[in-house]
Every structure is written in C-alpha cells, then in structure tokens.
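Asker: This is the structure I have questions about; it appears just below.
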Amino acid sequence: MAALSITNLLTNRTLMTIVPRAVIKYKMQVPYELKQSQSRLFHELPSGLKMEVIFQKGRLDQDEKSQNPPLVFIHGSFHAAWCWAEHFLPFFSQHGYDCYALSLLGQTHAGDIADFIRKQINLPPVLLGHSFGGLIVQYYIANIGNEKLHEKEGLHPYLAGAVLVCSVPPSGNSGIVWRYLFSKPIAAFKITRSLAAKAFQTSLPLCKETFFSAEMENQVVLRYQKLMTESSRMPLFDLRKLNASLPVPPLKDSSIKVIVLGAHDDFIVDGKGLSETGTFYAVSPICIEGVAHDMMLDCSWEKGAQVILSWLNHLKRGETE
C-alpha cells in the first residue's frame, strides 16, 4: 500500500479553467500577481477550454535582432504557470528570450502544448519541464514525427531543444519509490504524507522539506504553499493511462538537443533517477549543489538559471553536445 501511495505522490493539481473575467467560473483564492512586463493570455484549445499562459517578452537593444528561440515552460504537479513567472521569466526575458509559462489543464498535456506552439509560436522553441512536467516534455519530444499520433492530436512542432529540470525519469517514479522504501523509509513516509496525503498544504515544515532548501525563509515558503494549495485540486494525470504508457518511447529524432538538470538537495527525485534520465538521452546530467526540488523557486534559483542560460547560448551558436 505504501508503494501505491507514493506512486500517486506527484499526480494532483488544480484543473484551472481560467477564462476572461466576464465568464470566469472559478477564481483562485490566492491569485498570483504578475510582475512588471508580464501579461496573462488565454489560449483556446480544441476542446474549447482556455489554457492560462503567462508571457514575458525578451528585452533586446533597439538595434539587436533576436535569434533566440522562444522558451515554453511546463510545470509539474501542485504548480501552475506562476512557478516560472516568479524568477525564471524575468531572468530569461532580461537575457533576450521570449518566455511563455503554461498552466496545464486535465487534458492531453503534450497535445495541448503542441496545439499552443503550433498556433502561437513562430520559431522552434525550447521546451522546459519541471518534475512531472519534465515527463510531459519527454512525451512531447518522443512523439515529434509520430504520424499516427498526428492523426489524433495534430502535429507536434519541431523544437530547438529541451530542458529537463528535476524531471521524473522516463520509466516513471516507480524505481524511486522502491529505492526510498528500502533505503530511506523515513523519507518515504514523509513523501507519502506530504504529497499523496497532501500534508504539504497544512504543514509548513513538511512543505519546506519537500520542495525547498532549509535556508528558505518561512514567510516565502508560506506564500508558495498557498499558491501550490490553490494549484492542487484536481489530478494532473490519469494514472492508468500514465502507467500504461511507460516507459517513455525513445527519441525518433536524435538531433534534438536535451539537457538534464538535477538538484543535489532534491527530496523527491534521487541521484539514480537523475542518472537514468541522463543515460536515456545519452547526456551527462548536471547536478547543481545547494538547490532543492523546486529549483525555479528556491532561494538559490539563479544557480540553475545560469546553467540553463549557458546551455541556451551554446545551443544558439550550435555548440551544444
């Protein structure tokens, strides 16, 4: 039963049917206030639902013509677009990248992302996914060129690259579950309580231990805890469909550049999970010291952002291995 509980640990979040104010049916009790130069868009999916997108345009000198690929950010369970808008969107827009953070609905995910990119993005983007969002990115890149899938969900546009941040490995989280059960039973209990039982919503210390570094200020963690609680009301995945689809299929197009990032203090994805993802994509994973699972929100978030920026700059010059 413990294994089953932990298998469910990252699979719940809000179905945020966010639409213009005139017809809004659900309003977050703790709304996220956009930062300067950010705007909130609503992309209409084929289903008719509207998907929230937080956008921040890349800042460039007047005489500079951008060759930077757009960046599309995909959150994991218990999060939404706001988790990227806090630090990463301002950081990467400052360095000249147009940034789009999506709030996933309880739909097909990879298909919804493909629909957004196909209709709203002019250049091949870089797709960045965190935690279970990283698994969604893996499905996306695995299905580029999949003609059978195209008939059902439409074309998955080509990408300039993919960034996997503290991602669930391609086999899913079952390997992590069993390793924790036998080698870290106390941690396994805490993760089950925090995520499967959603105790992170009510216990500040548990929320902090699960997602953030010990150095994070409690008042900052409390703010994020409230936003995560608002983003956790409905499942992100259909577990039966997810388990039936694992492992992620291998890449059909080996030319797609992938970087795999992990956090040394990650309480959820362990080192072997990080290594598995790196091996799958034939790249050396980068484990960043002094950062926890929520790398994009942690107090040392700039460490991860700088590594990604360096990779993007090499990607632009065609130097990425």
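For the sequence shown, position 4 matches number 4 in UniProt numbering, and the numbering has no gaps at all. For each residue, glycine too, the CB sits at the ideal point set by N, CA and C.
Taking DSSP as the reference, what is the three-state secondary structure of Q225?
Answerer: helix
Asker: Just curious, the beta strand (DSSP E) that K50 is in, first and last residue?
Answerer: Residue range 50-56 is occupied by the beta strand (DSSP E) that includes K50.
Asker: Which residue's Cα is closest to the Cα of L127: Q306, V269, F280, I259?
Answerer: I259
Asker: Report the three-state DSSP secondary structure of S183 (helix, strand or coil).
Answerer: S183: helix per DSSP, three-state reduction.
Asker: Between the stretch 296-305 and the stretch 191-205, can you find at least three pairs of beta-carbon atoms closer than 8 Å?
Answerer: no
Asker: Would you mind giving the Cβ-Cβ distance between residue 323 and S231, rounded to the nearest angstrom? I have them listed as a contact below 8 Å.
Answerer: Absent from the model: residue 323. The displayed extent of the chain is 1 to 321, so no value can be given.
Asker: Can you list, in chain order, the residues of its chain with a C-beta nearer than 6 Å to that of L135? Leave out the 5 residues immediately preceding and following it.
Answerer: V168
Asker: So for Y32, helix, strand or coil by DSSP?
Answerer: coil
Asker: Taking contact to mean 3 or more Cβ pairs, one atom from each stretch, closer than 8 Å, check whether the stretch 96-105 and the stretch 47-57 are in contact.
Answerer: yes
Asker: Distance check for K226 and A22, CA to CA, integer angstroms please.
Answerer: The pLDDT assigned to A22 is 31, lower than 50, so where the model puts this residue is not dependable, and the model offers no usable value.
Asker: Which residues in the same chain as A187 place their Cβ atom closer than 6 Å to its Cβ, once the five residues preceding and following it in sequence are excluded?
Answerer: Y180
Asker: Based on Cα-Cα distance, which residue from G106, F91, D265 lies nearest to G48?
Answerer: G106
Asker: Sort P157, L315, N173, L34 by Cα distance to Y140 and report the nearest one.
Answerer: P157
Asker: Could you check the C-alpha separation between Y26 and R233 for me, to the nearest Å?
Answerer: Legend: pLDDT at Y26 = 40, less than 50; position of this residue unreliable, no value from coordinates given.
Asker: Can you tell me whether DSSP reads I141 as helix, strand or coil?
Answerer: In this structure, I141 counts as helix in the three-state DSSP scheme.
Asker: Using a Cβ distance threshold of 8 Å, determine whether the stretch 210-229 contacts the stretch 285-295, with at least three qualifying pairs required.
Answerer: Counting Cβ pairs under 8 Å, three or more are found: they touch.
Asker: Under the DSSP definition of a beta bridge, which residues are partnered with G129?
Answerer: I74, L164
Asker: What is the residue span of the alpha helix (DSSP H) that V307 lies within?
Answerer: 301-316 is the extent of the alpha helix (DSSP H) around V307.
Asker: Please classify G262 as buried or exposed, where buried requires at least 16 neighbouring CB atoms within 10 angstroms.
Answerer: buried
Asker: For N243, count neighbouring C-beta atoms within 10 Å of its own C-beta (all shown protein chains included) and say buried if the count is 16 or more, exposed if not.
Answerer: exposed
Asker: Enumerate in chain order the residues of its own chain whose CB-to-CB distance from A160 is below 8 Å, with the five nearest sequence positions on each side excluded.
Answerer: Within the same chain, and ignoring the five residues on either side of A160 in sequence, the residues whose Cβ sits closer than 8 Å to its Cβ are P69, L123, P124, P125, V126, K257, L315.
Asker: Got a sec, what are the start and stop residues for the alpha helix (DSSP H) R118 sits in?
Answerer: 110-120
Asker: What first and last residue would you give for the beta strand (DSSP E) that runs through G106?
Answerer: No beta strand (DSSP E) contains G106, which DSSP labels as neither H nor E.
Asker: Just the Cα atoms here: how many angstroms apart are S284 and K241?
Answerer: 30 Å
Asker: Does the Cβ of P170 have 16 or more other Cβ atoms within 10 Å, making it buried, or fewer, making it exposed?
Answerer: buried
Asker: Smallest Cα separation from A85: which of F116, W311, Q36?
Answerer: Out of F116, W311, Q36, the CA that lies nearest to the CA of A85 is found in Q36.
Asker: So what does I259 bridge to, in DSSP terms?
Answerer: Answer is V163.
Asker: How is I24 classed by DSSP in three states: helix, strand or coil?
Answerer: For I24, the predicted model reports a pLDDT of 33, less than 50, meaning its position is unreliable and no value from the coordinates is stated.
Asker: Excluding the 5 residues flanking K252 on each side, which residues of the same chain have their C-beta closer than 6 Å to its C-beta?
Answerer: Shown here for K252: same chain residues with a beta carbon closer than 6 Å to its own, the five before and five after excluded, namely G145 in chain order.
Asker: Among the candidates R223, V269, S203, Q94, whose CA atom is the shortest distance from the CA of Y32?
Answerer: R223
Asker: Can you tell me where the beta strand (DSSP E) holding L41 begins and where it ends?
Answerer: 38-44
Asker: Between which two residues does the alpha helix (DSSP H) harbouring Q94 extend?
Answerer: 88-94
Asker: Can you tell me which residues form a DSSP beta bridge with A101?
Answerer: I54, F73
Asker: Helix, strand or coil for I136, going by three-state DSSP, please let me know.
Answerer: When secondary structure is reduced to three states using DSSP, I136 falls in the helix class.
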